[in-house]
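Data block below; observations after.
Chains as they are written, first to last, in the working numbering: chain A, 129 to 888; chain B, 129 to 888.
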């Protein structure tokens, strides 16, 4: 978390007029509550509401509303045990873990299926024998090849035009599906989603980020964007999906599906939801990398908020269940297989590091940091250009097709004309089955096809398990176009993760790095290219995402080798240190670019240290007397479109007496609190009530002649003891309270307890 | 953290009159500041001060005092960069990491040296050839034994009386040193220290727990208590040492050594110190187990408080440096050795688990939970008895000698008369060199001597690397006495960790468990005893300490085998679940027994939920007017011995205007704030000033005729914006604020901002 400056006024991250906001397609109306956030799709009742359309982000409230109703209900419940409540939480955790694994399995199998269709089609046009050839080369029990009826043919024998256009056409069909899901379905499903989840877990509400529709668009979209040959990975989207699954399960309902089970109603507040979403994100890491400890550490590193032992154990269990279930699904017959397996399976990497590697490892980390910073810098320039010119749905769609067309054209050209034939015997027997042989003689393979015409996991697998070295020329031809294509891809409107492409790039780079040293020093230095492929992957990944401990543990768990700990730690720290001097991490830069007001965990800039509460608060606060007529309350609600809570004062002394959420005010009117005293249950909406409520919500804009005679005492419904600060309270303390308690509002009072402003 | 009930009134954990407090020997006077906490050794000036002697614990303040002086200083500094400050933090982290490794190395070598002396002396009296015999058996390069001049002799040939008394005498000499250091040196150095560190990191100040003297007593004491043959480990003390080192480095001074470098003065507040102490504790785990990731997770699991990315990276780096440096120190010639090595080196354990093991693994976890609960239950009964009867220094000293004598007598008797001779060929060649042969023929070894006459690490090493099974009889004879001796040992006045004895017990138990199943089912079930030794160790350890993820990762790192992840997770969760139904973890029970008011992370008991601030606050608050005469201030300080801060009011309106720490009030008088305006620097004490201050502190009790004419305006020195709540604020919210922000005081106000109470 290293955004350059804290933005405390989260309510008003207005965009500067020169840039349009590409992240959200439809203007979003400020929703009143998380459960109701799809009210954005509803017609608006008054033009005054329109002005709230700029409010795209909001802060989550990790504090419960403490009002008299809640206190009464607690007194009633005080005899009861918490036991069923604890059991429900565990049930949710287990369901999240299992469902995340199921979704991960679906993604994995879906991609494999789409890729199979594509490559079979391409193979068909490669020449008659190729298809048979690449599929009949088997490895027998001794690890030797069992060759069958091969026909030798030279480089120029393979056709160009047919496979070229078939390949591009299939890819563009695939990517069109992914783009349509994101552009016309759910724009927030774009990209990796890690940045968004990070914001969410740190208390910034990004609308629709963990909703069911987002989950569907992301999970289905990633199938097609990965299968389309774009340099993108499924890991970030997997983490985002885990978080969305958790949110859906935790609230026990989906607005989109109009289904409300009602079973987990007690967890429908930001605080509980955050805990489950944390567990879901960790489960996503577990599914993606088979790294349960990495999942927990990812949550610790990225959430960076209040941790309790209880939450730690839950997150851990959730991220441990997922890879286990996933493994059962992937290998139902080999269920005794013991290594933890995720969507990426690097296979067990043997070998230990030598102390003499250390300088080379650190230098590699530094290079990784530089490569990462260059990556981010270029990508950010491009993103800025994009928001200026690629700002309609049609243009975005065309851009996706263009990027995919370009990528496909480059890759197929390299495969068909830029390849080198390498000896199959240099590859470990276990990996030989998946080698591609387009245009090469038997016993050889096409290096480019092997790299680009398989899943990235398989390519990495070859790089880190190769016994001998891959030719430098071959590596360079792989790295350079792929680097630029990856930069180009991140930011277009498809779901796309960065972990795998940067790992793959880095693995090639690490291989190249080791070989360069070996040949430059004429053997005085002997670095193992396979091991340096692991190091290089970590270096570039670390340089781009700037995570440290979680990346180290993820790679350690994915390779099953704990002796990589020190080199990987040195690499990620070096990459982070060097990279941070030039740019922030890619997620932070994108968060910053989207004007998402993510608060840092500490006030970093000294110039903010000397501010006080008065200087950062909103002054246009909404004040209501404690006993208010319905007419007055309606008028206030109409006149103030912001989600700022209503500040309740004692009419005689003008002293602050409480805070009423706007949402509660709407419910009070909708449910006619002037006629009966509402219960706590009235504020927890079931699906049926929510429908009613939505109608009423906009209905209240119409006045009623009776309203002036009906009045409501707000006392039971307002929070009488919200967090308040004095005008002159130093900013550092306000910030800390806000950040560490995860608040949404702090009321600013003067010496006489009269309200003067609101922070939040 | 599962203390049964939250104790919010941290200031007044009065002991019930029936029990005396054994944890602290000398009555401790409430110290005003962490830097000054050894003022307890000073004479007290007035009998009124005596009443504060009961205050043993206090809460740390993780919030800075925001007063006008601080704000002015911030404004002055606002142009300056934070860079040097950041660099200083990193320098401290690195120094902590290195020093912890050095201390760990010292402990390791010291124990080895003391053990060598002891066993050489015992060997001498075992018979003439024994000494030669056990030292000349070598393993050649092929792993076969190179026997040299052996003399066969039968069981009854070995003498009893001489080695029996020599062994006991040496052990009692050793333990006397450890006991003297703790009883007459620093009582807080007793036991493992993990519970105390947990309290400290969660905001409870236990006096002298992270001081230099404690470090010395703990680190030197553990040498002697481990070498004395008591069933205790050095891991807990190592963690405590790491924390104490961190505290010493962070503040850049030691009160005891009268040395104050002054370089790190900016970190002398509770908030910064906590962060460094967290890193130090993690480094301790790293040193003890060679588990850097485990160290970080230990901190996450035990601290359970606010985590920032910045802190995560620092803790991680610190816990990674330590085992690395330790490894360099331990193997200077083999510095290319690659596995991470800590004080415990289990060696790389190969093998993967089978799904068919799962039911056995879960059952083992349940048994571990039951064994652990029985352990804790018995130990707590014993501890209660101890506080009643073993309540003087002399009695405690005698108790230590008695427990050690008993332990030594049991062990030496087993070694000399209870042994079985086992075939050396059943042990892996690498472990044969350290086998003990007392009374056995060549090619055989004495099972009891091999188990009890070596370091516990070596015993565990044998158990988890043995190729064939150890006889059931031999295992039972090891387990039963050791179990009770371990219960007896934990709680006596020597430094003693629980990790290793419980691991060793559990490893034997796991071995026994696997063999019992194998023989009961006549081979239908074949459990690998060596692998189940690892599982069993984890089960009993988990059952006693009730940690989950950190234990799993520590064992995974110590064995270098990631495929243990799932069985270990199942075991720790099963052990925790079952154990928690019966007792709390051993550290929590001891914390509870010591009346340390450790706050849980959430209000667990529903009956507390319906309380409000008014019902939990202190009413005897100390109120001073904003402008106060020196005479009045002195009178107040004299009359109120508690560390409760002074509540400053506006004399006209009686409204609350600020909070003044008692310590600041003392400084104001001592430095004559009535004559000049003090600076922020006046409140940061250098060593020299501290001496002066201490004299003045007690000097103020004497009144001065001039005092009535001299007055001080408290405004610049008081915190004008402390956390305040309303009388009726629900307890849940007060609790959350207190716990999550790590506060020391919350002022309770009525509607008119008049102070009515103080929580803290």
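From the three backbone atoms N, C-alpha and C, an ideal C-beta is built for every residue, glycine too.
Because the structure is a prediction, the values reported are computed rather than measured.
Residue i burial status per 10 Å Cβ neighbour count (16 or more: buried)
| i | result |
| --- | --- |
| residue 194 (chain B) | buried |
| residue 651 (chain B) | exposed |
| residue 452 (chain B) | buried |
| residue 711 (chain B) | buried |
| residue 265 (chain B) | Because the pLDDT at residue 265 (chain B) is just 45, under 50, the model does not fix this residue reliably, and the value given afterwards should be weighed accordingly. It is buried - the Cβ of residue 265 (chain B) has at least 16 other Cβ atoms within 10 Å. |
| residue 277 (chain A) | Because residue 277 (chain A) sits at a pLDDT of 40, beneath the cut-off of 50, its placement in the model cannot be relied upon, and the following sentence gives the value as read from the coordinates. Residue 277 (chain A) comes out exposed. |
| residue 880 (chain A) | exposed |
| residue 590 (chain B) | buried |
| residue 347 (chain B) | buried |
| residue 874 (chain A) | buried |
| residue 219 (chain B) | exposed |
| residue 403 (chain A) | buried |
| residue 246 (chain A) | buried |
Identity of the residues DSSP links to residue i by a beta bridge
| i | result |
| --- | --- |
| residue 751 (chain A) | A:775 |
| residue 784 (chain B) | B:777 |
| residue 319 (chain B) | B:623 |
| residue 854 (chain A) | A:877 |
| residue 883 (chain B) | B:877 |
| residue 554 (chain B) | Residue 554 (chain B) is not bridged to any residue. |
| residue 572 (chain B) | B:551 |
Check whether residue i and residue j have beta carbons under 8 Å apart
| i | j | result |
| --- | --- | --- |
| residue 758 (chain A) | residue 887 (chain A) | no |
| residue 533 (chain B) | residue 296 (chain B) | yes |
| residue 670 (chain A) | residue 496 (chain A) | yes |
| residue 250 (chain A) | residue 294 (chain A) | yes |
| residue 370 (chain B) | residue 408 (chain B) | yes |
| residue 664 (chain B) | residue 639 (chain B) | yes |
| residue 223 (chain A) | residue 377 (chain A) | yes |
| residue 412 (chain A) | residue 707 (chain A) | no |
| residue 443 (chain B) | residue 410 (chain B) | yes |
| residue 426 (chain A) | residue 685 (chain A) | no |
| residue 666 (chain B) | residue 634 (chain B) | yes |
Can you give me, in chain order, the residues of the region 646-676 of chain A that have a beta carbon less than 7 Å from any beta carbon in chain B? 676
Taking any Cβ of chain B, which residues in the region 354-367 of chain A have a Cβ under 9 Å from it, in chain order? none
Contact residues within the region 446-461 of chain A, judged by C-beta distance below 8 Å to chain B: 448 and 452
Check whether the region 855-868 of chain B touches the region 848-857 of chain A, counting contact only when three or more Cβ pairs, one atom from each stretch, lie closer than 8 Å. yes
Three Cβ pairs or more, each shorter than 8 Å: is that satisfied between the region 315-329 of chain A and the region 364-382 of chain A? yes
Using a Cβ-Cβ cutoff of 7 Å, what residues of the region 219-250 of chain B are near chain A? List them in chain order. none
Do the region 620-630 of chain A and the region 660-677 of chain A meet, that is, are 3 or more Cβ pairs less than 8 Å apart? Below 8 Å, enough C-beta pairs join the region 620-630 of chain A and the region 660-677 of chain A to call them touching: three or more.
Tell me, please, whether the region 225-242 of chain A touches the region 331-339 of chain A by the rule of three or more beta-carbon pairs shorter than 8 Å. Segments in contact, no.
Closer than 8 Å is the cut-off here; do at least three beta carbon pairs connect the region 676-692 of chain A with the region 506-524 of chain A? No, the region 676-692 of chain A does not touch the region 506-524 of chain A.
Answer yes if the region 498-515 of chain B comes into contact with the region 604-619 of chain B, meaning at least three C-beta pairs across the two stretches below 8 Å, and no otherwise. yes
Please confirm if the region 438-458 of chain B is in contact with the region 481-492 of chain B, defined as three or more CB-CB distances below 8 Å between the two stretches. no
Between the region 532-550 of chain B and the region 564-580 of chain B, do three or more beta carbon pairs fall short of 8 Å? In the pairwise beta carbon analysis, the region 532-550 of chain B is classified as touching the region 564-580 of chain B: at least three pairs are separated by under 8 Å.
At a CB distance below 9 Å, what residues from the region 394-422 of chain B approach chain E? Give them in sequence order. Absence of chain E from the displayed structure is noted, the protein chains being A and B.
Select from the region 737-750 of chain A all residues with a C-beta closer than 9 Å to any C-beta belonging to chain B, and list them in chain order. 737, 738, 740 and 741
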